[in-house]
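Read the structure below first, then the notes.
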Amino acid sequence: MKKVDIIFDCDPGHDDVVALLAAVAHPEVFNILGITTVAGNNTLDNVTNNILSVIDHLEFDIPVYKGYATPMRRDPSPAAGHGKTGLDGPVLKPPSSKPQDKHALDFLYETLISRDEPLTIVAIGPLTNIGVLLMTYPEVKEKIEKICIMGGGIYTGNVTQKSEFNLWHDPEGAKIVFRSGVPIVMSGLEVCHAGGILHTEYVKLEGRGRASQLVFELYDFFSGNMKSKGIDWSPIYDLTTILQIIDPSIFKSEMFSIDIETEGDLCRGMTVADQRPFVKKESLNVEVLMDVDREAYIGMLFDALDILDKRYQ
Ligand code: RIB
Ligand code: CA
Numbered sequence: 016m017k018k019v020d021i022i023f024d025c026d027p028g029h030d031d032v033v034a035l036l037a038a039v040a041h042p043e044v045f046n047i048l049g050i051t052t053v054a055g056n057n058t059l060d061n062v063t064n065n066i067l068s069v070i071d072h073l074e075f076d077i078p079v080y081k082g083y084a085t086p087m088r089r090d091p092s093p094a095a096g097h098g099k100t101g102l103d104g105p106v107l108k109p110p111s112s113k114p115q116d117k118h119a120l121d122f123l124y125e126t127l128i129s130r131d132e133p134l135t136i137v138a139i140g141p142l143t144n145i146g147v148l149l150m151t152y153p154e155v156k157e158k159i160e161k162i163c164i165m166g167g168g169i170y171t172g173n174v175t176q177k178s179e180f181n182l183w184h185d186p187e188g189a190k191i192v193f194r195s196g197v198p199i200v201m202s203g204l205e206v207c208h209a210g211g212i213l214h215t216e217y218v219k220l221e222g223r224g225r226a227s228q229l230v231f232e233l234y235d236f237f238s239g240n241m242k243s244k245g246i247d248w249s250p251i252y253d254l255t256t257i258l259q260i261i262d263p264s265i266f267k268s269e270m271f272s273i274d275i276e277t278e279g280d281l282c283r284g285m286t287v288a289d290q291r292p293f294v295k296k297e298s299l300n301v302e303v304l305m306d307v308d309r310e311a312y313i314g315m316l317f318d319a320l321d322i323l324d325k326r327y328q
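As structure tokens, then:
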């Protein structure tokens with residue numbers, strides 16, 4: 016498999032961290048050019064400190080660039096469920112490493128415009144950074160092979176009945192991205208729910224090694240959301256974008272014509288899929304992951320953590 020150059024845009028976030036660990040565990044697949052952070056699950060400063068603390072704790076060597084602290088038009092609104100810091104649960108030291116001086120927008124633009132080969136953007140937070148990039152520098156579109164997004168949902172939402180948090184947080188940024196013409200692979204709520212980790216599964220990670228222990232502590236906190244609803248599994252939302260690049264064969268996907276609702280309360284940020292019988296083939300702009308072999312998905316996570324754990328033995 017040809018290595019994939021990626022830029023990892025995130026708002027860590029428990030599941031963002033798990034997605035990063037899975038990518039770092041597979042250097043034969045991913046060349047991570049940099050991490051860009053965006054306000055979403057928590058403030059820009061907190062999500063940036065969170066990823067820097069994880070990078071220090073696991074001795075990763077990846078540059079981090081801070082992006083936007085507020086959505087394009089709305090006020091920031093931290094997600095429920097990730098705690099006060101955005102990464103409650105594990106006790107990590109405050110970061111010793113620092114973000115790069117360069118703004119994420121400049122990093123994204125300069126990296127893209129200088130490339131011969133297009134790269135992949137993995138976007139697992141609100142689409143503020145990517146929306147501003149495409150609005151400001153549309154010439155970079157041809158340098159982006161695809162954008163792998165965690166966001167949206169065809170039949171459901173999470174922050175409202177119809178809106179998923181990332182796209183709800185910055186619907187204007189999302190609309191720019193979905194209308195950009197850049198190929199999108201969307202890990203929406205349908206596939207993220209299908210790949211949920213059982214609470215009897217994540218507890219097996221305890222004591223297995225440094226990376227596994229971190230994921231155990233992350234999900235021992237994050238699983239509280241679903242446990243409080245009497246549900247015995249939790250989504251690892253963002254992990255889906257990475258596993259789909261590693262092994263698309265465990266997923267089922269469908270092409271949809273999708274636009275983003277930017278008005279209204281219940282439907283703010285909704286991925287509106289046009290399912291009318293006369294939808295034109297050329298308007299099908301998004302490959303939406305709709306299902307996954309859950310056993311394979313969880314198996315890939317455990318294998319990735321095994322690989323990382325061995326680094327610290
Ligand atoms: O709705 C799930 C998304 O919102 C995930 O990316 C999670 O990290 C939060 O950002
Ligand atoms: Ca996220």
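With the numbering used here applied, the sequence shown covers 16 to 328.
Positions of the beta carbon are idealized from the N, C-alpha and C atoms, including for glycine.
The structure displayed is predicted, hence computed values, not measured ones.
Per the coordinates, the alpha-carbon of Lys81 lies some 14 Å from the alpha-carbon of Val147. Membership of Ala138 in the beta strand (DSSP E) is indicated by the continuous run Leu134 to Ala138. The Cβ-Cβ distance between Glu276 and Pro141 does not fall below 8 Å. In terms of side-chain proximity, the C-beta atom of Ile139 is found nearer than 7 Å to a non-hydrogen atom of ligand 1.
In this structure, the beta-carbon distance from Ser238 to His214 falls below 8 Å. A residue is called buried when at least 16 other Cβ atoms come within 10 angstroms of its Cβ; Thr135 meets this threshold and is buried. Fewer than three pairs of CB atoms, one per stretch, sit closer than 8 Å, so the stretch 192-200 makes no contact with the stretch 229-238. The beta-carbon separation of Ile169 and Phe271, rounded to 7 Å, stays under the 8 Å limit for a contact. Secondary structure at Lys18: coil, using DSSP grouped into helix, strand and coil. Sequence-distant partners of Gly55 (beyond 5 residues in either direction) whose C-beta falls short of 6 Å from its own C-beta, in its chain, are Asp26, Gly140, Pro141 and His184. If you compare the alpha carbons of Ser111, Ile164, Lys158 and Ile128 with that of Ala138, the shortest gap goes to Ile164. With respect to Asp30, Leu254 sits close: the two C-beta atoms are nearer than 8 Å. Here Cys282 has Lys177 and Glu276 as same chain residues with Cβ atoms under 6 Å from its own Cβ, once five neighbours each way along the sequence are excluded.
Of the residues assessed, Glu310 falls on the exposed side of the cut-off, its CB having fewer than 16 other CB atoms within 10 angstroms. Taking all protein chains in view, the Cβ of Gln259 is crowded by 16 or more other Cβ atoms within 10 Å, so the residue is classified as buried. Between Val287 and Glu297, the alpha-carbon positions lie close to 17 Å from each other.
Look at Phe180: its beta carbon is less than 7 Å from one of the heavy atoms in ligand 1. In this structure the stretch 91-106 touches the stretch 60-67; the number of beta carbon pairs closer than 8 Å is three or more. The C-beta of Ala95 has fewer than 16 other C-beta atoms within 10 Å across all chains shown, which makes the residue exposed.
Residue burial is scored here from C-beta neighbours: Glu221 has fewer than 16 other C-beta atoms within 10 angstroms and is therefore classed as exposed. Residue burial is scored here from C-beta neighbours: Val106 has fewer than 16 other C-beta atoms within 10 angstroms and is therefore classed as exposed. In this structure, the C-beta of Gly96 stays at least 7 Å away from each heavy atom of ligand 2. Here DSSP, grouped into helix, strand and coil, assigns Val79 to strand.
Comparing alpha-carbon positions, the option among Asp71, Asp131 and Asn181 lying closest to Ser92 turns out to be Asn181.
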